[in-house]
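Here the structure is laid out as structure tokens; the discussion comes afterwards.
Residue numbers (this note's numbering): 7 to 252.
Dropping the structure here:
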């Protein structure tokens with residue numbers, strides 16, 4: 007993990023460049039995480055709801071594909087044990103007996119079945135009050151993005167600064183398993199995540215190489231400031247990436 011005093015993150019160059027334009031502030035944008043699987047027949051309605059939420063300018067919507075349903079006949083190509091572990095941290099934080107799909111978590115503090123529209127929308131509004139720390143992303147030069155996190159109060163003393171790289175959309179023809187014969191559309195599919203720093207309530211700047219942003223040549227990226235091991239999200243920002251040569 008990168009310590010908060012180490013603001014320069016070293017990584018191998020990868021093919022991505024930040025779309026030029028103004029920095030995007032993340033203050034009061036609610037992070038909405040959907041834990042889903044292409045192998046789960048209950049997930050398509052939640053996938054569709056997340057697609058709707060992704061169109062809102064007050065929400066950062068992210069799809070995390072878990073791997074524990076891969077044995078049902080269809081291996082989700084976007085699934086990762088790392089995303090399952092992230093959901094398990096939430097299970098412990100919420101005091102739940104087990105993980106499940108589809109699950110939507112808003113602001114790190116509100117959770118519900120991902121297809122229960124009313125509960126999801128109410129959870130977003132409840133979570134909004136906690137996300138008051140301003141997060142900005144600028145790019146002082148072509149090779150560097152500058153993440154600025156404002157001052158605030160971290161209830162646990164410190165928080166993790168996460169980078170999530172995502173694909174804006176995938177359409178998949180499912181050939182086996184519970185969703186066999188269905189074409190699934192998944193929105194803002196997280197393909198890589200990395201800790202890039204720690205925040206202790208003081209203003210913090212982290213310089214991140216642009217090449218790091220699209221860890222697998224993704225077209226979007228989010229910065230999320232969150233208490234350790236799942237919990238309150240204090241602030242977030244998202245911004246587009248452009249694949250090199252596109």
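Note that CB positions come from ideal geometry on N, CA and C, so glycine has one too. Keep in mind the model is a prediction, meaning the values are calculated, not measured.
- Counting only the Cα atoms, residue 93 lies some 11 Å from residue 108.
- Residue 243 is not a Cβ neighbour of residue 209, given a cutoff of 8 Å.
- An exposed status is given to residue 163, since fewer than 16 other beta-carbon atoms sit within 10 Å of its beta-carbon.
- Burial check for residue 146: the Cβ neighbour count within 10 Å stays below 16, so the residue is exposed.
- DSSP, reduced to helix, strand and coil, places residue 136 outside both helices and strands of the structure shown, so it counts as coil.
- Inside the segment 114-192, DSSP marks whole alpha helix (DSSP H) runs of 4 or more residues at positions 123-134, from first to last along the chain.
- Bridge partners of residue 227 according to DSSP: 171 and 245.
- With respect to the 8 Å criterion, residue 116 and residue 129 are classified as neighbours on the basis of their beta carbons.
- Shown here, residue 42 sits in a strand according to DSSP, grouped into three states.
- Here residue 61 is exposed. Its C-beta has fewer than 16 other C-beta atoms within 10 Å.
- Residue 239 is a Cβ neighbour of residue 113, given a cutoff of 8 Å.
- Under the DSSP assignment, residue 210 falls in the beta strand (DSSP E) whose first and last residues are 210-215.
- In the DSSP assignment, the residues bridged to residue 70 are 41.
- Apart from the 5 residues on each side of it in sequence, residue 59 sits with its Cβ closer than 7 Å to the Cβ of 38, 65 and 67 in its chain, given in chain order.
- DSSP places residue 91 in the uninterrupted alpha helix (DSSP H) bounded by 87-100.
- Within the DSSP secondary-structure output, residue 205 pairs in a beta bridge with 165.
- With a threshold of 16 other beta carbon atoms within 10 Å, residue 42 meets it and is buried.
- Residue state for residue 194 is assigned as strand, using DSSP reduced to three classes.
- Across the structure, residue 49 and residue 99 are spaced so that their CA atoms are roughly 23 Å apart.
- Here the alpha carbons of residue 194 and residue 122 stand approximately 20 Å from one another.
- Counting the other Cβ atoms within 10 Å of the Cβ of residue 47 gives fewer than 16, which makes it exposed.
- Counting along the chain, no alpha helix (DSSP H) covers residue 61, and no H or E run does either.
- The residues 193, in chain order, have a CB closer than 6 Å to that of residue 175 in the same chain once the five nearest residues on each side in sequence are set aside.
- Contact check for residue 79 and residue 182: beta-carbon distance about 4 Å, within the 8 Å limit, so the pair qualifies.
- A direct Cα-Cα distance of roughly 6 Å separates residue 140 from residue 155.
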